[in-house]
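**Student:**
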Amino acid sequence: MQNERKRILNLVEKGTITATEALILLEALEKEPARASQQTDSTSIHTDKQSTSASTSHGESTTSYSSSSSSSTESSNTNRSKKKEFPFNFDEFFQQGKSTSEKQNKQGTNPTDRIMDFVQNAFEKVKGLDLEFNMGPSLEFTHTFESHDNDILDIEISVANGKVEIRPWDENYVKADCDVKVYRSDNQEKALAQLVENVIFNVQNKKLRYVSDLKMMKIDTVIYVPKLSYNRWDIRLFNGKFHGESANVNKVKVKTANGKIELANMLIEKGELETANGGIDVSNTRADSIEAESVNGKVAVEGAIDEMEVQSINGNVICKTSSTSARKMEAKTLAGSITLYVPESIPLDGVLKSNFGRFDINHREMDHIEEREEIMQRKLRFTRERPEGTKLYLFADAKTGVVSVKPQAAAKEQSSQENAQSTDPEE
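Per the UniProt record's numbering, the sequence shown runs over residues 1 to 427.
1) Exposed or buried, what is Gln204 when buried is set at 16 or more other beta-carbons lying within 10 Å of its beta-carbon?
2) Would the beta-carbon of Thr383 fall within 8 Å of that of Asp367?
3) Buried or exposed for Asn134, going by 16 or more other Cβ atoms inside 10 Å?
4) Expressed to the nearest angstrom, what Euclidean distance is found between the alpha-carbon atoms of Lys391 and Ser325?
5) My output table needs one value for His363: the three-state DSSP class, helix, strand or coil.
6) Please state whether the Cβ-Cβ distance between Val299 and Ile223 is less than 8 Å.
7) Report, in whole angstroms, the separation of the C-beta atoms of Leu334 and Lys399, which I expect to be a contact under 8 Å.
8) Quick one: which unbroken beta strand (DSSP E) runs of 3-plus residues sit fully inside the segment 188–214? Chain order, please.
9) Here's the rule I'm using: 16 or more other beta-carbon atoms within 10 Å means buried, otherwise exposed. How should Ser44 be labelled?
10) Going by Cα to Cα distance, which pick from Lys227, Val159, Pro137 is closest to Asn172?
11) Does the beta-carbon of Lys206, which I'm using as the reference point, lie nearer than 7 Å to any heavy atom of the ligand GDP?
12) Thinking just about the alpha-carbon of each residue, which of Lys218, Pro168, Thr321 is nearest to the one in Ser142?
13) For Asn355, which option in Leu348, Gly315, Ser147, Val402 has the closest C-alpha, if you only look at C-alpha atoms?
14) Please state whether DSSP places Ala257 in a helix, a strand or coil.
15) Using only alpha-carbon positions, find the residue among Lys270, Ile261, Ile338 that is nearest to Ile305.
16) Look at Gly244 and Gly259 and say whether their C-beta atoms are less than 8 Å apart.
17) By Cβ distance, which residues of its chain are closer than 6 Å to Glu302, with the 5 residues on each side in sequence left out?
18) How close, in whole Å, do the beta carbons of Ser322 and Gln408 come, if the pair is a contact with beta carbons under 8 Å?
19) On the CB-based measure, 16 or more other CB atoms within 10 Å of its CB, does Leu394 come out buried or exposed?
20) Going by DSSP, what residue range makes up the beta strand (DSSP E) through Asn231?
21) Hey, quick one: how far does the beta strand (DSSP E) through Lys181 stretch, first residue to last?
22) Measuring CB to CB, does Asn202 end up less than 8 Å from Tyr230?
23) What residue does the beta strand (DSSP E) around Met217 start on, and which one ends it?
24) Please list, in chain order, all residues of the same chain as Lys206 whose beta carbon is under 8 Å from its beta carbon, the five residues on each side excluded.
25) Please state if the CB of Ala257 and the CB of Ala287 are separated by a distance shorter than 8 Å.
26) Mind checking whether Ala160 and Phe238 have CB atoms under 8 Å apart?
27) Could you give the uninterrupted runs of the beta strand (DSSP E) lying entirely in the segment 265–299, keeping only those of 3 residues or more?
28) Are the CB atoms of Arg236 and Ile166 within a distance shorter than 8 Å?
29) If you reduce the DSSP assignment to three classes, tell me which class Ala409 lands in.
30) Indicate whether at least one CB of chain B lies closer than 8 Å to the CB of Gln311.
31) Between the Cα of Lys328 and those of Ile375, Asp349, Asn314, Lys181, spot the shortest distance and give me the residue it belongs to.
32) Roughly how many angstroms separate the alpha carbons of Ile200 and Ile280, rounded to a whole number?
33) Between Leu380 and Phe359, how many whole angstroms is the CB-CB distance? I'm expecting something under 8 Å.
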């Protein structure tokens, strides 16, 4: 079991997985000894019957999987038609991974190994993508797109290669300033024609759409939009960072395969942020709910946020809320530490878990603490009563790192120290 846990950590260091997949691996690993014991007892008593039953069961399992796969394929095709403009389709890679996993199942491979091999196979496919954009000659130029239709509720962005920034401004029209770098080309006139012909930038049905599937053309874009209240931002990037600031949006959804996600001074109802390779930084933001997930990178979410779910596979997690109406704070990491900053005036009900890390909490501030330690699993439960305020439920699970719970004032002191260090002339 210990060797298999090490394999999971090695996968984290080498590849990219979602937090859900990592938890599946660990859960499968913990359940495997019980399954193995049951199978051994059954084999010793009913060897012939088990063989026949296994054959029948396997046939049913294969049929069930085919039916499920067919249904999944139909759903995938539907989603693919909606997202056909996006140049990278994760579903195709995972579908191939499932085929490999099914073959291993027929060969009687250990279930835990099947999951890990499936994930690793997907990693290799993602890592094997052609990202060598800097081969051959290249040229650089700038271009500006404009639209004077300012009746906008939604913003949809899908860019294959390049970072995107959204900045509200006082003008009543939309503008996109593009810094373009074209690879394997030295003809600017031809490259500009290709850009204008293939990039979509328009406003229709109160939605601003900016779409580029040009992999061999890196387009770093700053989009200026009117200072309005927006219903939805839907951002999908493949190779690039996203930055959004000073906007009022009902729902923000950002997904990038390779790049950092930043939100600053935002007023939003719900945020869904996901990156495979890169950090996530949410600062000075008011939100009802934020979900942030990174495979490889630090995740920091800070502001007056009532509910947050934050995860990182390979990176530290920092959650800070100043909201006295905060309801939930959930943080998970496989290879990293977790720090939770909470208001001092509200009641708490928290659970901390770790396999190899320790807990950092001020016991004197808590009214009740219960700590349990089992084999490779530590758990701490605590409560703090306050006469006023909504009870904040905390959950933190760091498999290998430290889990800390600190007052919000400590976050301000730490931020001041970091700012002082950043302005130090010696640095």
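Idealized CB from N, CA, C, for every residue including glycine.
As the structure is a computational prediction, the values presented were derived from the model and not from experiment.
**Tutor:** Put simply:
1) exposed
2) yes
3) Reliability fails at Asn134, whose pLDDT of 43 lies under 50, so the model's placement of it is uncertain and no value is given.
4) 8 Å
5) helix
6) no
7) 5 Å
8) 200–204, 207–212, all fully within the segment 188–214.
9) The predicted position of Ser44 is uncertain, since its pLDDT is 45 and thus under 50; no value can be drawn from it.
10) Lys227
11) Of the ligands one can find in the structure shown there are none, so the ligand GDP has no counterpart to examine.
12) A small fix is needed here, since residue 142 is Thr in this sequence, not Ser. Nearest of Lys218, Pro168, Thr321 to Thr142, Cα basis: Lys218.
13) Val402
14) DSSP places Ala257 within a strand segment (E or B) once states are collapsed to three.
15) Relative to the Cα of Ile305, the nearest Cα in the group Lys270, Ile261, Ile338 belongs to Lys270.
16) no
17) Ser283, Lys320
18) Contact holds; Cβ gap of about 6 Å.
19) Answer is buried; the Cβ neighbour count reaches 16.
20) Looking at the DSSP string, the run of the beta strand (DSSP E) that includes Asn231 is 229–239.
21) 174–183
22) no
23) 217–226
24) Asp151, Ile152, Leu153, Asp154
25) With respect to the 8 Å criterion, Ala287 and Ala257 are not classified as neighbours on the basis of their beta carbons.
26) yes
27) 267–277, 280–296
28) no
29) helix
30) Although the question refers to chain B, the structure presented lacks it and comprises just one protein chain.
31) Asp349
32) 27 Å
33) About 5 Å; that satisfies the 8 Å criterion.
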